[in-house]
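Read the structure below first, then the notes.
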DNA sequence: TTTCAGATGTTACTAGCGGTAACCCGCAGT
DNA sequence: ACTGCGGGTTACCGCTAGTAACATCTGAAA
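Chains as they are written, first to last, in full-length UniProt numbering: chain A, 1 to 215; chain B, 1 to 215.
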């Protein structure tokens, strides 16, 4: 235990190095998108591949380490929007807007976070069919479910309802956001309003067309 | 033009060959998931790689050719559910159920369709940030938008509203379906009902918790 | 009948990827 | 002086997508 101070310093040193490597990796991922290779990242950091593998195990490890930072940041943003002491509808609007602002200002990061591509091969083996969506989406869904459970009185079986709604709303946000980012058919405010209208039951409220078969 | 009959026969012959190759590819993709390699597919078809490349150009071409079949099939299913002459809410339920039934019965196909992984590199070059979601989702969103525009009276600016709602609903379906397929927290019928409730404005209608800060 | 076109098929290769084994060096502590 | 150990490198493996070059069969035109 005499080497506590020493190992402590080493600890901070390796942590610092790790952060430097992560920053280099981020630069490359931002530049090359999903084509970022370990060679390129190592070169950007001024070193060679094996060091990366010593620090992060494999490519999935590096990507995961890179992802948690932004995931945490985004989740924090959304949490504040979700916890604002305003009307429920304003809170929903603020949350949607926070998400869309995030993906608008840093689309490369967004793309990286949402694109699991391969990774996570080593962990939880055996073909679990259906797995595909990014961990970030799952976390978002669960987080939103918690808030819904806390805030709304859903009666018996409400926990299931909350989770379905959480993942459904997150999916809606993601799908609409992805489409919007690609086509930019309107302003962010407009998009937020339309989506909030949708969540507020406008789909059920608007009238049928008069000239069509009125079902 | 004299060789019309000849080239016609050749046409059908190569088309048949192409279909055989696609069926072999499908078998392998269903077995190996996203790890399916061109070598494996060629071996399954009883041939070697270059023939695949002659037929489909590159791996993206093969995947695209493979995708359009299932995409068309799924779209046809959804279109019938969407066009059923029943109440609007029943139609929404039927559509959700059709989608979820499809991904439930053939999760590997679903996974393949939703996972662009790499592909489409050759076309529309230059980093178009934000692109990520599968073409299937885009088509679904647009298709749904068309139906909404046709059926609902959304007033001025209704076309934008329809597209936002279309992509938002498809995203909700996708997100919730993905989560449900992974965790199987309830039956399909329950999920459909909860999602329809969400779309029908229950999020706005339910009461706040009495014990919480009642916003 | 010969000859030419075109499709089918092969072997053998390139370039690059993720990942690893083996080795080197400098610097702490005993 | 010796020993361990963290940072670093070279050189490699097995794999992938993709390609060039060559062989073969078939059927139509000269």
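All C-beta atoms, glycine included, are put in the ideal place defined by N, C-alpha and C.
- For residue 111(A), same chain residues with a beta-carbon under 8 Å away, outside a window of 5 residues either side, are 33, 34 in chain order.
- With contact defined as three or more Cβ pairs closer than 8 Å, the region 14-21 of chain A and the region 45-55 of chain A are in contact.
- For residue 72(B), the enclosing alpha helix (DSSP H) starts and ends at 59-83.
- The secondary-structure analysis by DSSP pairs residue 208(A) across a beta bridge with 152(B).
- Each of 16(B), 41(B), 15(B) was checked against the Cα of residue 26(B), and the nearest Cα belongs to 41(B).
- In this structure, residue 95(A) sits away from residue 194(B), with a CB-CB distance that is not shorter than 8 Å.
- Sixteen is the threshold: since fewer than 16 other Cβ atoms of the shown chains lie within 10 Å of the Cβ of residue 16(A), the residue is exposed.
- The DSSP assignment places complete alpha helix (DSSP H) segments of no fewer than 4 residues inside the region 81-108 of chain A at 88-105, in order along the chain.
- Annotation for residue 200(A): no alpha helix (DSSP H) segment contains it, and DSSP assigns it neither H nor E.
- Counting C-beta atoms within 10 angstroms of its own C-beta, residue 31(A) has fewer than 16 neighbours from the protein chains shown and is therefore classed as exposed.
- At the C-beta level, residue 157(B) and residue 149(B) stay beyond 8 Å of one another.
- In the three-state reduction of the DSSP assignment, residue 45(A) falls in the coil class, being assigned neither a helical nor a strand state.
- Per DSSP, reduced to three states, the secondary structure at residue 19(B) is helical.
- Secondary structure at residue 36(B): coil, using DSSP grouped into helix, strand and coil.
- Taking 8 Å as the cut-off, the Cβ atoms of residue 71(B) and residue 139(B) count as close.
- In this chain, residue 157(B) is not harboured by any alpha helix (DSSP H), its DSSP state being neither H nor E.
- In the structure shown, residue 184(B) falls within a coil segment according to DSSP collapsed to helix, strand and coil.
- Taking the CA atoms as reference points, residue 75(A) sits about 18 Å from residue 85(A).
- Nearest neighbour of residue 146(B) by Cα position, chosen from 57(B), 79(B), 97(B), turns out to be 79(B).
- With a threshold of 8 Å between beta carbons, residue 172(B) makes contact with chain A.
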